[in-house]
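When we follow the numbering used here, the leftmost residue of the sequence shown carries the number 429, and every step to the right adds one. Report on the structure given below.
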Amino acid sequence: LALKYFKSIRTFMVAPGAWPAEIFGEKLSVLVIYHRATLPYHTSLIVVGKFYYIWMHMDELSFLDLGHMIITALLGILTAVRSIVPQLQNYHKLLLKFINVMHLMHSTNKGPYYNQINDTVDKVCSYYTKFSLVIIVFSCSMFNFIPFCNNLANVFIFKTENYTLEFSLYYQYPGIDPSYYFTTTSIYNFYLSYNCAIMVFGLDLILFLIIFQIIGHVYILRYNLENFRWPKNKVVFKLGDILKYKMNESITSEMFDAEENKQVHFKLAECIEHHKEIIGFTDELSALFGPILACTYLFHLVGCSLLLLECSEGGYGAMLRYGPLTVLIYGQLIQMSVIFEMLGSETEKLPDSAYFLPWECMDTSNRRTACIMLHKMQDKISLKALGLAAVGVSTMTGILKTTFSYYAF
């Protein structure tokens, strides 16, 4: 938790609950606890207000304005769904296991390669965290800043008559119209955008950091399999004794002796346990995040084409307002798919690494163990959205093709 990227995540994500600091012994204020508990209901109420606004102003909204309303409504629904996850006990248990067990820092004392992989993964996590947080803050700021600049220019500089104030988010309730309270509504909209950014993109950042650590574990497992110990001594076999024929020829082969076979058995058990640990943790991850990934893919299927449509309006205002958000949404889809594809492609190499074992030099018992391990490693480690669609490049390609077709239509 002293790592810089974990400190950055804690700073940005502790308030909405994406980073549950209390499970690591921190004390939270009553306000933060209340905010987390009410966030799903609060966001759902905003979504209801959005649909009520669309219903009340349907005749007044232009085609592109309606697209903006639908995008923000979809983001609100996704935020409400995702804000449930940090309140689940399974999420807390998963993060505790990630920090206390699965993080590669706990393995650095096992050898130089462990230390090397930990340093490499830490660098990747650090750079990726910085990049993601900068993009999140920039997108969130631009989405709210452009309407504010338009209002400032038209009201105070150009003094446009009968100008309708712009907001980043629109919602309305019977008897309550937030557009009458410009300053309060603008600040509140930025707060809502912050919640959305953390829940939609911040939660994925934590997921991707976990995946990077799992990939590091796969690299270590492959290294241990491909650099397995070989017998120290050679054994001479007389063909006459083996084939039951009178032959004087002999062959020399490398074979483990009894003591070495005991060490080989221990090493095989260690590799099997490591693989079992990776599989178990990935299954827990898939069970928790599978439904969330399915909702995210569904959002991408509809929202990506609408974002392209809003960007096609032209002008600096539209590009500055929707451009960073579009890059962030498409980046989320591409990163999610590529990172999970990397995990799958690395685990596909495990059977080859397992076959590199000097199994021909082992005794019968260890050969059986190596055979069982080779059989277990045939299955590709991957996450599935609701246990149906595999999260990977093929799913991403299908969504992108559909998105561009919808946009062209």
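Note that beta-carbon positions come from the ideal geometry of N, C-alpha and C, so glycine has one too.
Distance from the CA of ALA449 to the CA of HIS463, rounded to the nearest whole angstrom, comes to 14 Å. Per DSSP, reduced to three states, the secondary structure at ALA817 is strand. In this structure, ALA446 sits away from MET683, with a CB-CB distance that is not shorter than 8 Å. Its chain contains CYS568 as the residues whose beta carbon lies nearer than 7 Å to that of TYR622, once the 5 sequence neighbours on both sides are disregarded; these appear in chain order.
A check of alpha carbon separations from GLY815 across GLN806, GLY742, THR710 and SER773 identifies THR710 as the nearest. Residue pairing by DSSP leaves GLU687 without any beta bridge partner.
With contact defined as three or more Cβ pairs closer than 8 Å, the region 799-819 and the region 696-709 are in contact.
LEU631 and PHE837 have their C-alpha atoms some 33 Å from each other. Assigned with DSSP and collapsed to three states, TYR599 falls in coil, not helix or strand. SER740 counts as exposed, since fewer than 16 other beta carbons sit within 10 angstroms of its beta carbon. When Cβ pairs closer than 8 Å are counted between the two stretches, the region 594-603 is seen to touch the region 468-478, the count reaching three or more.
Relative to ALA430, the option among THR500, MET533, THR830 and LEU620 whose CA is nearest is MET533.
A contact between stretches requires three or more CB pairs, one per stretch, nearer than 8 Å, and the region 715-725 fails this requirement with the region 784-802.
In its chain, beyond the 5 residues on either side, LYS808 have a beta carbon closer than 8 Å to the beta carbon of GLU776.
Annotated three-state conformation of LYS704 is helix, per DSSP. When rounded, the separation of the alpha-carbon atoms in TRP483 and PHE576 is 25 Å. Boundaries of the alpha helix (DSSP H) around TYR622: 610-625. Within the region 708-746, no run of alpha helix (DSSP H) at least 4 residues long lies entirely inside it.
Per DSSP, TRP483 is one residue of the alpha helix (DSSP H) stretching across 458-484.
Straight-line spacing of the CA atoms in TYR555 and THR548 works out to 11 Å. Pairing LYS521 with VAL513, the inter-Cα distance amounts to about 12 Å. Here the alpha carbon of THR507 sits roughly 8 Å from the alpha carbon of PRO468. Between CYS553 and LEU637, the CB-CB gap stays under 8 Å. Your pair PHE571 and LEU753 checks out as a contact, with CB atoms roughly 6 Å apart and the cut at 8 Å. PRO540 has its alpha-carbon roughly 44 Å from the corresponding atom of GLY751. Each of VAL442, TYR608 and THR471 was checked against the Cα of LEU459, and the nearest Cα belongs to VAL442.
Under the three-state reduction of DSSP output, SER436 falls in the helix class.
For a cut-off of 8 Å, the C-beta gap from GLN760 to PHE629 is around 6 Å, short enough to register as a contact. As the crow flies, the alpha-carbon of ILE498 is around 25 Å from that of PHE717.
With fewer than 16 neighbouring CB atoms inside 10 Å of its own CB, SER822 falls in the exposed class.
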